[in-house]
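Let me begin by presenting the structure, written as structure tokens, before commenting on it.
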Amino acid sequence: MSAPPEGAPLLVGVDTGGTFTDFVLIQDGAVRIHKEVSTPDDPSRAILNGLATLGIVESQMTVIHGSTVATNAVLERKGARVALITTAGFADILEIGRQTRPRIYGFEMRRAAPLVPAKLRLEVRERLDERGHALLSLDQTSMTGALATLAREQVESLALCLLFSFVNPEHEHIIAEQARAMGLYVSASADVLPEFREYERASTVVLNAYVGPIIDRYLGQLEGGLPPDTPLRIMQSNGGSISTTTARREAARTLLSGPAAGVVGAAFMAKASGFEQIISFDMGGTSTDVAHVWGAIAETSEGSVGGYPMRLPMIDIHTVGAGGGSIAWFDTGGALRVGPASAGANPGPAAYGRGGTEPTVADANIVLGRLIPEHVLGGALPIDPAAASAAVSKIARRLALSPEEAALGMLRIVTAHMEGAIRVISVQRGYDPRECTLVAFGGAGPLHACELAASLRIPRILIPPVAGVLSAFGMLAADIVKDYVRTVMLPLAGSNAVIAAELARLTDRGRLDLIGEGCAEGRILIERALDLRYVGQSYELTVPFDDGADMASAFHRAHARRFGYSDEGEPVQIVNVRVKARGPVDTPPMPTQTGDRAAAHAATRRSHRVAFSSADGQLIWRQTPVYMRVRLAPGAILTGPAIVAQYDTTTVLPPDWSATVDATGAILAQPSQPSPVRHAKA
């Protein structure tokens with residue numbers, strides 16, 4: 001990527017989340033940031049309010065936007081009234097699923113109810129074989145009857161998933177054309193996910209149809225409030241952006257857009273500081289998102305949202321309900337729990353003074369002196385410490401502890417949740433977190449990073465200059481990306497011609513689509529891959545494709561690396577061919593810092609009383625200096641305990657930790673006596 005030219009138009013990255021909506025502005029090499037309180041009833045209102053506050057509503061700008069609108073529609077079951085049309089005999093595919101048990105030893109298994117009720121799961125008589133040949137032509141009477149039911153039931157959106165339509169889409173396209181003529185939003189699996197596995201394909205296309213009309217209306221509201229002809233791009237779950245036209249048609253690709261942008265931003269900042277093996281740790285107002293990056297950002301097509309499988313490519317992220325707004329409560333056995341319920345943006349934590357009374361993680365940090373009221377959003381957000389103390393006291397009284405002891409207990413619990421999340425994406429997949437750098441960001445990430453790293457013996461922490469709005473920054477660093485897949489289901493041996501033809505077809509489509517998205521043809525990059533497995537396996541691995549490489553040997557190596565064994569005597573099957581078309585964007589500038597090394601200690605305000613945990617778990621109070629981050633220049637050295645305050649977040653450096661500010665302005669922190677690290681073998 002190249003640096004943006006001077007005089008370039010204003011670029012704005014906008015991330016709508018739980019408590020705050022984040023903005024990062026780039027113009028003429030300068031970076032500005034802003035946080036606006038979210039408006040959950042209409043997220044576009046917070047965006048337009050923030051642009052007005054920044055004074056750029058009428059400016060010539062390009063906006064790249066990540067949103068939780070689609071995610072919230074699924075989690076809150078507030079999507080469109082959707083129907084599913086499928087091949088006769090398959091109407092119950094959403095109900096049957098894979099018969100997997102989320103909790104294998106649970107006596108009472110409760111799966112998420114299908115997004116399409118039984119009466120709206122309709123069948124048409126037609127049948128294709130596995131090669132797309134018509135065994136039974138599409139029956140017009142059954143199709144007409146299904147469409148009539150849609151009209152009678154006042155359905156808003158239709159999902160189409162016919163058997164083997166990923167090989168031959170003709171029947172789906174016939175139904176789709178007539179349904180669109182009725183004014184319905186139509187999502188056809190042959191267009192959204194032309195890939196085998198009926199249940200996952202049906203689930204994905206239903207998700208797309210469920211959130212599509214919601215995204216369409218939301219983008220219409222947002223575009224209506226922006227200046228005419230303002231370019232607006234939408235962040236995808238795969239870490240790239242797409243046009244609003246594509247986002248309206250393939251809305252499910254935006255389901256994890258905000259967290260994906262955070263990983264892109266974390267990888268960008270870590271690389272600038274010289275680290276490529278990282279764990280991204282994004283703690284916001286409602287949740288914590290973690291991902292493992294080992295040189296390259298890991299992707300998966302086996303994710304889920306709200307318990308519903310989704311096969312579209314996405315960054316491999318694990319999420320837990322642990323954020324600054326997570327509420328502390330007692331379960332029926334009397335044990336203290338924290339999350340996943342959150343106070344969100346409205347009413348928010350008790351200290352925010354918007355009517356919230358439940359004790360949250362943010363309230364606990366205020367009680368412990370770690371979150372300083374006058375430094376939250378630069379003092380623009382009024383904070384009521386007495387309200388925070390009153391809320392946490394509800395927990396303290398039941399436990400017969402002081403409010404400070406109860407607050408420390410709340411933080412230990414939320415740290416345990418986050419530790420478990422990191423173990424899922426590292427230890428459980430064969431990676432050692434002690435060989436990584438923890439990149440902490442989000443409004444609450446730097447508050448908790450040191451204690452979280454200590455619990456996992458992660459040797460160092462990197463806190464980027466704009467840590468509190470890094471997801472919004474990541475949107476400006478994200479390329480324009482389009483993914484394509486085609487199921488072929490052939491033996492790898494002897495299929496070179498078919499593989500070459502399919503890859504060429506998808507490559508041509510990718511180039512044309514990216515040119516349509518505004519990318520210069522000469523800058524488009526094409527990444528090719530094959531989904532391979534041993535014959536008889538029920539899962540596959542995605543292996544990068546190289547014309548001159550022995551793909552069977554590459555698969556054996558990948559299988560051994562992922563599962564610990566391989567069998568070179570077993571035949572290999574190619575399941576899918578994949579193409580990723582990438583349009584690189586200009587490299588965003590690094591946020592600049594002011595000040596000099598000699599001024600570092602001059603940045604210290606009067607010491608602040610902060611509570612920490614001793615080696616034996618006891619509450620200890622320490623007089624702690626507070627530094628203003630904008631006055632910490634590269635080369636500055638900090639010794640814990642210390643607090644670093646900035647507009648968008650707060651960093652807590654416990655006793656026995658130290659930190660330096662590197663050349664990029666990032667804070668690099670580590671224990672004064674780090675644990676020994678076992679290095680991976682070459």
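Those letters in the sequence shown? Residues 1 to 682, per my numbering, in order. Glycine is no exception: its CB is placed at the ideal position from the N, C-alpha and C atoms. Keep in mind it's a predicted model, so treat the numbers as computed, not measured.
In the structure shown, G468 falls within a helical segment according to DSSP collapsed to helix, strand and coil. Counted as a single uninterrupted DSSP element, the beta strand (DSSP E) harbouring F23 occupies residues 20–27. Distance between E517 and I242, taken at the CA atoms: about 7 angstroms.
The criterion of a C-beta distance shorter than 7 angstroms is satisfied by G339 and A322. No residue range can be given for S566, since it is assigned to no alpha helix (DSSP H) and is classified by DSSP as neither H nor E. Looking at the backbone, the Cα of G665 and that of D22 are separated by about 20 angstroms. Per DSSP, the continuous alpha helix (DSSP H) segment holding A421 begins and ends at 403–425.
Nearest Cα to L162 within the set R131, L147, E126: E126. Considering only I96, R354, G409, the residue with the shortest C-alpha distance to L368 is G409. Around the beta carbon of L135, a 10 Å sphere encloses fewer than 16 other beta carbons of the protein chains shown; the residue is thus reported as exposed. Taken in chain order, the unbroken stretches of beta strand (DSSP E) that lie wholly in the segment 489–542 and span 3 residues or more are 525–534.
At least 7 angstroms separates the beta-carbon of A251 from that of I278. The C-beta distance from I480 to G240 rounds to 6 angstroms, short enough to meet the 8 angstroms contact threshold. Each residue's CA atom was taken as its position, placing R121 and T254 some 25 angstroms apart.
Taking 7 angstroms as the cut-off, the Cβ atoms of T542 and D550 do not count as close. A straight line joining the alpha-carbon of I515 with that of E521 spans about 6 angstroms.
Considered as a whole, the segment 316–364 harbours 318–320, 326–330, 336–342 as its complete beta strand (DSSP E) runs of no fewer than 3 residues, in chain order. Looking at the DSSP output, P544 shares a beta bridge with A529. The Cβ atoms of T649 and P464 do not sit closer than 7 angstroms to each other. The beta carbons of V293 and F281 sit no closer together than 7 angstroms. Residue burial is scored here from C-beta neighbours: D92 has fewer than 16 other C-beta atoms within 10 angstroms and is therefore classed as exposed.
Only residues of its own chain outside the window of five on either side were considered, and among them Y647 have a CB closer than 6 angstroms to the CB of G378, listed in chain order.
Following the DSSP letters along the chain, one finds Q178 inside the alpha helix (DSSP H) bounded by residues 170–181. Note: F281 is bridge-paired with V290, A440 in the DSSP secondary-structure output.
Under the 10 Å beta carbon count, E540 is surrounded by 16 or more other beta carbons and is classified as buried. Going by DSSP, S393 is part of no beta strand (DSSP E) but of the alpha helix (DSSP H) stretching over 385–399. The three-state secondary structure of E299, taken from DSSP, is strand. T246: member of the alpha helix (DSSP H) spanning 244–249, first to last residue. By the Cβ test, the segment 470–484 is in contact with the segment 259–274, since at least three Cβ pairs between them sit closer than 8 angstroms. For T87, the uninterrupted beta strand (DSSP E) run begins and ends at 82–87, by DSSP. Note that the segment 324–333 does not touch the segment 266–274; fewer than 3 beta-carbon pairs, one per stretch, sit closer than 8 angstroms. Restricting attention to Y308, R486, P227, the CA atom closest to the CA of T507 is found in R486.
Residue nearest to A396 within the set F107, V37, P359, V424 is P359 (criterion: CA-CA distance).
As the crow flies, the alpha-carbon of R609 is around 6 angstroms from that of T624. Cβ-Cβ separation between V31 and G13: approximately 10 angstroms, too far for a contact (criterion under 8 angstroms). Nearest to G303 by C-alpha distance, out of M314, L456, A554, is M314.
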